[in-house]
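Order-wise, the sequence lines are chains A, B, C and D.
Here numbering that gives the first Met the number 0 is used: the first residue of the first sequence is 0, the next is one more, and so on.
Here numbering that gives the first Met the number 0 is used: the first residue of the second sequence is 0, the next is one more, and so on.
Here numbering that gives the first Met the number 0 is used: the first residue of the third sequence is 0, the next is one more, and so on.
Here numbering that gives the first Met the number 0 is used: the first residue of the fourth sequence is 0, the next is one more, and so on.
Just so you know, even glycine gets a beta-carbon here, dropped at the ideal spot from N, CA and C.
Shown next, in structure tokens, is the structure this report addresses.
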Amino acid sequence: MPQIISAPQAAALIKPHDRIMFGSFLAAGAACSLIDALMEAGTQNLHMITIATDYDDRGVGKLISNKQIKSLQCSHIGTNKSTQAQMNAGEIEIELIPQGTLAERIRAAGAGLGGILTPTGVDTVVEDGKQKFEFDGKAYILERPIKADFAFIRAKKADKLGNLVYYKTARNSNPAMAMAAKTTIVEVDEIVEIGQIDPENVITPGIFVDYLVKREV
Amino acid sequence: MPQIISAPQAAALIKPHDRIMFGSFLAAGAACSLIDALMEAGTQNLHMITIATDYDDRGVGKLISNKQIKSLQCSHIGTNKSTQAQMNAGEIEIELIPQGTLAERIRAAGAGLGGILTPTGVDTVVEDGKQKFEFDGKAYILERPIKADFAFIRAKKADKLGNLVYYKTARNSNPAMAMAAKTTIVEVDEIVEIGQIDPENVITPGIFVDYLVKREV
Amino acid sequence: MDRKEKRKMIVRRIAQEIKDGDFVNLGIGMPTEVANYIPEDITVYFQSENGILGVGPAPEPGKEDPDLINAGGGYITEKKGAAYFDSCTSFAIIRGGHLDMTVLGALQVDQEGNLANWMIPGKLVPGMGGAMDLVAGTKKVVIAMEHRDKHGNSKILKKCNLPLTAAGKVNLIVTDMAVIEVTEKGLLLKEVAAWTNLEEVKQATEADLIVADNVGTFE
Amino acid sequence: MDRKEKRKMIVRRIAQEIKDGDFVNLGIGMPTEVANYIPEDITVYFQSENGILGVGPAPEPGKEDPDLINAGGGYITEKKGAAYFDSCTSFAIIRGGHLDMTVLGALQVDQEGNLANWMIPGKLVPGMGGAMDLVAGTKKVVIAMEHRDKHGNSKILKKCNLPLTAAGKVNLIVTDMAVIEVTEKGLLLKEVAAWTNLEEVKQATEADLIVADNVGTFE
Chain A
0 MPQIISAPQA AALIKPHDRI MFGSFLAAGA ACSLIDALME AGTQNLHMIT IATDYDDRGV
60 GKLISNKQIK SLQCSHIGTN KSTQAQMNAG EIEIELIPQG TLAERIRAAG AGLGGILTPT
120 GVDTVVEDGK QKFEFDGKAY ILERPIKADF AFIRAKKADK LGNLVYYKTA RNSNPAMAMA
180 AKTTIVEVDE IVEIGQIDPE NVITPGIFVD YLVKREV
Chain B
0 MPQIISAPQA AALIKPHDRI MFGSFLAAGA ACSLIDALME AGTQNLHMIT IATDYDDRGV
60 GKLISNKQIK SLQCSHIGTN KSTQAQMNAG EIEIELIPQG TLAERIRAAG AGLGGILTPT
120 GVDTVVEDGK QKFEFDGKAY ILERPIKADF AFIRAKKADK LGNLVYYKTA RNSNPAMAMA
180 AKTTIVEVDE IVEIGQIDPE NVITPGIFVD YLVKREV
Chain C
0 MDRKEKRKMI VRRIAQEIKD GDFVNLGIGM PTEVANYIPE DITVYFQSEN GILGVGPAPE
60 PGKEDPDLIN AGGGYITEKK GAAYFDSCTS FAIIRGGHLD MTVLGALQVD QEGNLANWMI
120 PGKLVPGMGG AMDLVAGTKK VVIAMEHRDK HGNSKILKKC NLPLTAAGKV NLIVTDMAVI
180 EVTEKGLLLK EVAAWTNLEE VKQATEADLI VADNVGTFE
Chain D
0 MDRKEKRKMI VRRIAQEIKD GDFVNLGIGM PTEVANYIPE DITVYFQSEN GILGVGPAPE
60 PGKEDPDLIN AGGGYITEKK GAAYFDSCTS FAIIRGGHLD MTVLGALQVD QEGNLANWMI
120 PGKLVPGMGG AMDLVAGTKK VVIAMEHRDK HGNSKILKKC NLPLTAAGKV NLIVTDMAVI
180 EVTEKGLLLK EVAAWTNLEE VKQATEADLI VADNVGTFE
């Protein structure tokens, strides 16, 4: 059963050089209280895994503006000037990954797979250094799982077992990331009693959840 | 938007040698009206993809008892005497696949992946003839997607767009199979108007559904 | 015809490619506007890769929900019959070939159907986002772009020189000057915009063009 | 002690391995009975690979639901806080290492921790079902079986000769005679059933046994 802690307590679990997955898509579905607490804690040299670096002043991008991120795996940085600037200055190391491949690599980590073969990125720079396959005339590249020490997840509601439901397009990468980290911390609007979420509607079963944090922003 | 047809009309779409996926787990979540209609049609030499062959007189097993299945990919046949007998008599060709690998191979087909690497089956006969990989001291085998011409899906409810919700453990392989066939036919207890299923609770989006059939048994 | 009018013409023309019942993903920028030109007598469901099938029009002012956005970050509403899903399912839809069409912008396309739209080395590196998956997986890939760049150079080349998004996957190119189909034999010029003419299109195009028997017009 | 009592003893002993808050998958047959011996002061969530976390006890007669079953096809109920999911998510939980324990039956185990429990060539081929995934992925693999087969031969071997379910993945073997841990050095005999003794266990076991310093008893 997950432990209920505060955002600062969650942030205190993070050490320099930890690998953290951040659910979010252009700030929708970002765990804002956790991000703010991590900024407050000031932990540096973190590795960020996220879909996009959101905005300079909103979503996961705030941690980049605050210079806490040393390296980054994501699919898009175009909406965040700090990321571009730090990349150009050599202050941040970036692996750009096609968004569907990123999602699937995260899922593979959570599902215990050793990798997936995808046609995405074939004949582009994405295939560089990767093993290539051809079946029935179609080419695929082998993409390896992406794991993390922590996942910062945003859900709408959790019961005390950690069963989660999400809200509209704030769902995005959160369910996959919840499966793929050693420790999953979930920021929710509401924590309800066991039995108050219909078992048919649970998106992330509680087995994937380690900590619950009540959203404060 | 999916077309609403009868079970006999659905069965009439099937031709000998077609590859059909059948959602079901020991008869829970089997599309019984579709199976009965296919027995009535008597189409033979079919290839069946399913989790288990259920029972001789219940679930997908009825099609085996009725000698309509020429070849079979599944994870378990222990509950069906007809399957065992036809296998021993050389009348049916069987590929036994670990259940999680079966699910993942079906999903891979639906998701456009060229395969997945799984640790399941390493150092067993399952790895025979397959490409093997080792990463960080752990071994994996490459498993290829399983596609089909048709999927016979059982859901609880559909709206007229084909958005589906399931019922308890009748969900099982149905959502993955709904994604993986050229033509997906869904048997439902109830067809409701568009807008009557909460968008948050849709398990299979209508984009995967070609035909809806009202359950009659 | 000013630039704004030309862009409207492009998206209006692309809207005609969409059929009743299609599932379509619209890229960021100009492609997003295609949704505004769908005829009222057909039903189209728009997918957005951040996790929704059934994107509705922009909300009324004051009703924006920061957790209900499209892939460009724009506020949207939910169409009746919509479904939400996570990134994995979203890209299963995309990569798995379940979408009928995607409309994307481009920096360059070439006569082999190659597309470059995600980076200019040393200058602009926004990242590929979902574009590589969309182009790899969707049944019909339509490019919406201006025919020439701001220096007047052709964006339709014999061979792309920017890093590719995907090779050989583009099906149709719609610009402010022409409608061009990518065929096995090369680029087939099918329509010329009413404001220009065949000769001007040829001059504005670096790639080899095969001119269709009956070149139409669009406006 | 009759056979039925011995089987009860096995599952009772295995129940003691389960800790408060554990997520556990129980195999078909004898392992399923482990659920009946969980102490009341701990909370355990049982997963069944057909798509539920939070398996409750068997329903009252007349309340069976053919769409609410466990992996053995037995009727179950839904525990408060349960969740349903599809086969892919179910095996993501299993293969991804998220379960604390699985309890499975066996035809043979050996001193390298190999397990054979899915076929006897030319005789019985039920198929592996979910067993290969469970053994490959779960943190702790516990085997529940009788120590000897019906001919009196040891089922704990130096080397399995039936087709394997997985290699080197078994952690604990609980039989009607002994509790044996699979360690890097070999099989560590930790407990002997109260109805028998160390010498009888050794005689009934083909595999090499390392006898623990303080061999306990169980009953």
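Given a cut-off of 9 Å, decide if residue j and residue i are closer than it, judged by their beta-carbon atoms.
i: A/G60; j: A/A26; result: yes
i: A/D209; j: A/I184; result: yes
i: A/M20; j: A/A102; result: no
i: A/A177; j: A/F207; result: yes
i: C/V295; j: C/G104; result: Within the shown structure, residues of chain C are numbered from 0 to 218, placing residue 295 of chain C beyond reach of any answer.
i: A/P118; j: A/A147; result: no
i: C/V140; j: C/M100; result: yes
i: D/K157; j: D/Q202; result: no
i: D/D66; j: B/K167; result: yes
i: C/P58; j: C/T76; result: yes
i: A/G58; j: A/N173; result: no
i: A/P1; j: A/G136; result: no
i: B/G41; j: B/Y165; result: no
i: A/V187; j: A/A6; result: no
i: A/E199; j: D/Y74; result: no
i: B/S74; j: B/E92; result: no
i: B/A179; j: B/I63; result: no
i: A/K66; j: A/Q43; result: yes
i: C/V178; j: C/L188; result: yes
Please name the residue or residues paired with residue i in a DSSP beta bridge.
i: A/S70; result: A/H46 and A/E92
i: B/F21; result: B/F151
i: D/Y36; result: Beta-bridge pairing links D/Y36 to no other residue.
i: D/G182; result: Correcting the residue type first, residue 182 of chain D is Thr in the shown sequence and not Gly. D/G185, per the DSSP bridge assignment.
i: D/E190; result: D/V178 and D/G215
i: D/E198; result: According to DSSP, which records beta bridges pairwise, D/E198 is partnered with nothing at all.
i: D/I68; result: D/Y74
i: D/F22; result: D/Y44
i: B/A27; result: B/F24
i: C/A165; result: C/L114
i: C/A82; result: C/L52
Looking at the unbroken beta strand (DSSP E) that takes in residue i, where does it start and where does it end?
i: A/K213; result: Y210 to K213
i: C/T31; result: It is not in any beta strand (DSSP E) - C/T31 carries neither H nor E in the DSSP assignment.
i: D/G223; result: A query on residue 223 of chain D cannot be resolved here, the shown segment of chain D reaching from 0 to 218 and no further.
i: D/S47; result: Y44 to S47
i: D/V173; result: L171 to V173
i: B/I217; result: Given that chain B is displayed from residue 0 to residue 216, the structure contains no residue 217 of chain B and the question cannot be resolved.
i: C/E205; result: First-last for C/E205: undefined, no H or E at that position.
With residue i as the anchor, note down where its alpha helix (DSSP H) starts and where it stops.
i: A/V216; result: Where A/V216 is concerned, there is no enclosing alpha helix (DSSP H), given that its DSSP letter is neither H nor E.
i: C/Q110; result: Element bounds for C/Q110: n/a, residue is neither H nor E.
i: D/E4; result: R2 to A14
i: B/G60; result: G60 to S64
i: A/T52; result: Segment: none, A/T52 is in no alpha helix (DSSP H) and carries neither H nor E.
i: D/F90; result: S86 to R94
CB-CB under 6 Å to residue i, same chain, minus the five flanking residues each way: which ones, in chain order?
i: A/E94; result: Q72
i: B/V201; result: N162
i: D/L163; result: N113 and A115
i: D/G167; result: E111 and G112
With a threshold of 7 Å on Cβ separation, who are the neighbours of residue i within its own chain once the five nearest residues in sequence on each side are excluded?
i: C/F34; result: The sequence as given places Ala at residue 34 of chain C; Phe does not occur at that position. Answer for C/A34: L25 and F45, listed in chain order.
i: A/Q83; result: I76
i: D/A165; result: L114, M131, V134 and A135
i: A/T100; result: T117, T119, G120 and E142
Cutting at 8 Å between CB atoms, please list the residues of its own chain near residue i, excluding the five before and the five after it.
i: C/L161; result: L106, Q107, A115, M118, I119 and P120
i: C/R6; result: M29, E32, E145 and D175
i: C/S86; result: E48, N49 and G50
i: D/V214; result: L188, K189, E190, V191 and L197
- Enumerate, from N- to C-terminal direction, the unbroken alpha helix (DSSP H) stretches of 4 or more residues contained entirely within the stretch 149–206 of chain A. 173–179
- Output the residue ranges of the alpha helix (DSSP H) runs that lie fully inside the stretch 71–144 of chain A and measure 4 residues or longer, sorted by chain position. 80–87 and 98–109
- Segments assigned beta strand (DSSP E), at least 3 residues, entirely inside the stretch 98–158 of chain D: 100–103, 107–109 and 139–143
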